[in-house]
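First comes the structure, then the notes that go with it.
There are 2 protein chains.
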Amino acid sequence: MYSFTEENYLKTIYKLSELHSKNISTNAIAQIIQTKAASVTDMVKRLSDKKLIRYEKYKGVSLTEKGKKVALDTIRKHRIWESFLHTKLKFGWDEVHEIAEQLEHIKSEVLIDRLDEFLGFPTRDPHGDPIPSKTGSIPKNTYKILADMMEDEQVVMNGVLDHSPIFLQYLSKLKLEIGTVLLIIEKIEYDNSMTVKINGKTVQLSNNVTQNILVIPDARK
Amino acid sequence: MYSFTEENYLKTIYKLSELHSKNISTNAIAQIIQTKAASVTDMVKRLSDKKLIRYEKYKGVSLTEKGKKVALDTIRKHRIWESFLHTKLKFGWDEVHEIAEQLEHIKSEVLIDRLDEFLGFPTRDPHGDPIPSKTGSIPKNTYKILADMMEDEQVVMNGVLDHSPIFLQYLSKLKLEIGTVLLIIEKIEYDNSMTVKINGKTVQLSNNVTQNILVIPDARK
DNA sequence: AAATAAATTTAGACTAACCTAAAAAAATAA
DNA sequence: TTATTTTTTTAGGTTAGTCTAAATTTATTT
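For the record, the sequence lines run as chains Z and X. Mapped onto the working numbering, the consecutive letters of the first sequence carry residue numbers 844 to 1064. Mapped onto the working numbering, the consecutive letters of the second sequence carry residue numbers 844 to 1064.
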């Protein structure tokens, strides 16, 4: 059984690996875990001793299969709990992360299985992120970034890259949530902003926003 | 905010206080927390520094109002989670305690409020134990012990004193659960056992068992 | 390629929560 | 009431996870 801290390190390394694919640096981990680089070096040595990661001094770390399994298991729990909080307890998508950060460390395999069943085996969490299966398989995202779409295309919002409450609250205010249909009216070259139509309403989205929204082309169009 | 360990100590002291009403000894705590007396002395000093308990060397401890609040809050969370596990996730009453031991330490007031609401504001957990209110009030048990009832009385099972899985599983096997109606057929003086009728079936209950079952007189009789 | 800057690791300390072994106090028995 | 047993506390250590400050390695400039 692994500690809260160990699970958090492994989860963080997994997420960073998804983005950078290279070896993950001590500093990158420190920034996310909100700790000091020296503490990360310490922890990373212990995780390496337990064969959960590969670590070479000054060269960064990467997950072993064993470590990846623990990371995916933790992410699975996190996302199932988020789904529970959202669909059953009516928490907003901007509120679920923080509580799930705690719940993901509860030790009980049967608990998460029952919860999964209770929720009807969801495949995505409230932010559109895929929920890893029990065996640790996770569907690759085939989503596109809204910023890359063309004028006149119609797309369906399917996820976000930025999970911060502020960003999510802003999207909620725009009535922009998972499943919302977007029509791209115009792309402004000057600042890379975008004019889109959401439920009949025309709104202006900055590049900062469109870079963090994941979409798929709308089948209906 | 208090640590898992602190909450567990306070909860334990509260429960022991309910039973003995006197000052609680180091050894009694050690036995329940599954630790050594020396460790308890350590912890008890720290809890005393934080004004959560009153502690005098060699004289045992008692909760302050502040400590009692934390204890009741933890018990509230424990019992609400147990109710959730039982009524929504279909865990047996012998299975809920262990998982709730972890869940009770999740830090979020709104989470427990939402869960409470989701469950329809239950007043008792799956073992019949009362759930403390948000303000920390808890109904006094007016239940009687089955062993003390008279021949020919009809009673309703309303709780247990022994919460061990083995005992609870035994009761389940007898189809004896919260709400079950019992008719006392005969009390055997020799070994203080009891012959009772449960749903038309006659069974023999040892003194050990009847001492751990809480009942109320059946209104229907 | 040397100098400087940035990232990483080491060394040494801290805290919470635990431990064992020995000492001290309280309770019980003779 | 003294002697013995039991309970509790103290003293000194351990581990996980953290920290700061200094040393070392790697990366970047000039």
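Where a beta carbon is used, it is the ideal one built from N, C-alpha and C, also for glycine.
task = Kindly say whether GLN997(X), judged by its beta-carbon, lies nearer than 8 Å to any beta-carbon of chain Z.
result = For the purposes of this step, residue 997(X) is taken as residue 154 along the second sequence, with counting starting at 1. Not closer than 8 Å to any Cβ of chain Z, the Cβ of GLN997(X) fails to qualify, so no.
ask   = Which one or two residues does DSSP pair with MET1037(X) in a beta bridge?
value = As a working mapping, residue 1037(X) is identified with position 194 in the second sequence. Answer by DSSP bridge pairing, in chain order: LYS1030(X), LEU1048(X).
LEU895(Z) versus SER868(Z): straight-line alpha-carbon distance, rounded = Residue mapping note: residue 895(Z) aligns to position 52 of the first sequence, counting from 1. Residue mapping note: residue 868(Z) aligns to position 25 of the first sequence, counting from 1. One C-alpha to the other measures close to 16 Å.
query = Is TYR898(X) helix, strand or coil by DSSP?
reply = Translated into positions along the second sequence, residue 898(X) becomes position 55. Here TYR898(X) carries a strand assignment [DSSP, helix/strand/coil].
query = So, does the CB of GLN1012(X) fall closer than 8 Å to a CB anywhere in chain Z?
reply = The count along the second sequence starts at 1 and reaches residue 1012(X) at position 169. It does not; no Cβ of chain Z falls within 8 Å.
inquiry  = Between GLU938(X) and HIS921(X), how many whole angstroms is the CB-CB distance? I'm expecting something under 8 Å.
reply    = Residue 938(X) sits at position 95 when you count from the first residue of the second sequence. Residue 921(X) sits at position 78 when you count from the first residue of the second sequence. About 14 Å separates the beta carbon of GLU938(X) from that of HIS921(X), a gap too long to meet the 8 Å contact definition.
request  = Whole angstroms is fine: what's the gap from GLU850(X)'s alpha carbon to ILE856(X)'s?
outcome  = Residue numbering aside, residue 850(X) sits at position 7 when the second sequence is read from its first letter. Residue numbering aside, residue 856(X) sits at position 13 when the second sequence is read from its first letter. The alpha-carbon separation between GLU850(X) and ILE856(X) amounts to approximately 10 Å.
task = Compute the Euclidean distance between the alpha carbons of SER1036(X) and THR1053(X), then round it to the nearest angstrom.
result = Taking the second sequence and counting its residues from 1, one reaches residue 1036(X) at position 193. Taking the second sequence and counting its residues from 1, one reaches residue 1053(X) at position 210. Per the coordinates, the alpha-carbon of SER1036(X) lies some 8 Å from the alpha-carbon of THR1053(X).
key: Those residues which DSSP pairs with ILE981(X) across a bridge   = Along the second sequence, one-based indexing puts residue 981(X) at 138. ILE981(X) pairs with nothing; no bridge assigned.
ask   = Does DSSP put GLY910(Z) in a helix, in a strand, or in coil?
value = The residue you call residue 910(Z) lines up with position 67 of the first sequence. GLY910(Z): helix per DSSP, three-state reduction.
ask   = With distances taken between CB atoms, is the gap from ILE1028(X) to MET992(X) smaller than 8 Å?
value = Stepping through the second sequence from its first residue, residue 1028(X) is reached at position 185. Stepping through the second sequence from its first residue, residue 992(X) is reached at position 149. Not closer than 8 Å, so no.
key: For PRO1008(Z), three-class secondary structure by DSSP   = Numbered from 1 along the first sequence, position 165 holds the residue referred to as residue 1008(Z). Helix, per DSSP.
inquiry  = Under 8 Å, Cβ to Cβ, is there at least one residue of chain Z near GLN877(X)?
reply    = Within the second sequence, the letter at position 34 stands for residue 877(X). Answer no: the Cβ-Cβ gap between GLN877(X) and chain Z never drops below 8 Å.
key: Neighbouring residues, chain Z, relative to SER951(X) (Cβ below 7 Å)   = The residue you call residue 951(X) lines up with position 108 of the second sequence. By Cβ distance, chain Z contributes ILE942.
request  = Could you run through the segment 952-964 of chain X and flag, in chain order, every residue whose CB is less than 7 Å away from some CB of chain Z?
outcome  = Taking 7 Å as the upper bound on Cβ-Cβ separation, chain Z lies near residues LEU954, ARG957, LEU958, PHE961 of the segment 952-964 of chain X.
task = Note down, in chain order, every chain Z residue with its Cβ under 7 Å from the Cβ of LEU932(X).
result = One-based indexing of the second sequence puts residue 932(X) at position 89. Ordered by position in chain Z, the residues that pass the 7 Å Cβ test against LEU932(X) are ARG957, LEU958, PHE961.
request  = Apply the 10 Å Cβ neighbour rule to PRO1060(X) and answer buried if 16 or more other Cβ atoms are within range, or exposed otherwise.
outcome  = Looking up residue 1060(X) in the second sequence gives position 217. With fewer than 16 other Cβ atoms inside 10 Å of its own Cβ, PRO1060(X) counts as exposed.
inquiry  = Across the segment 949-956 of chain Z and the segment 998-1016 of chain Z, are there enough close Cβ pairs to call them in contact, namely three or more that are closer than 8 Å?
reply    = Inter-segment contact for the segment 949-956 of chain Z and the segment 998-1016 of chain Z is absent: fewer than three beta-carbon pairs are separated by less than 8 Å.
query = Shorter than 8 Å from the beta carbon of GLN874(X) to some beta carbon of chain Z?
reply = Numbered from its first residue, the second sequence carries residue 874(X) at position 31. For GLN874(X), the nearest beta carbon of chain Z is not closer than 8 Å to its own beta carbon.
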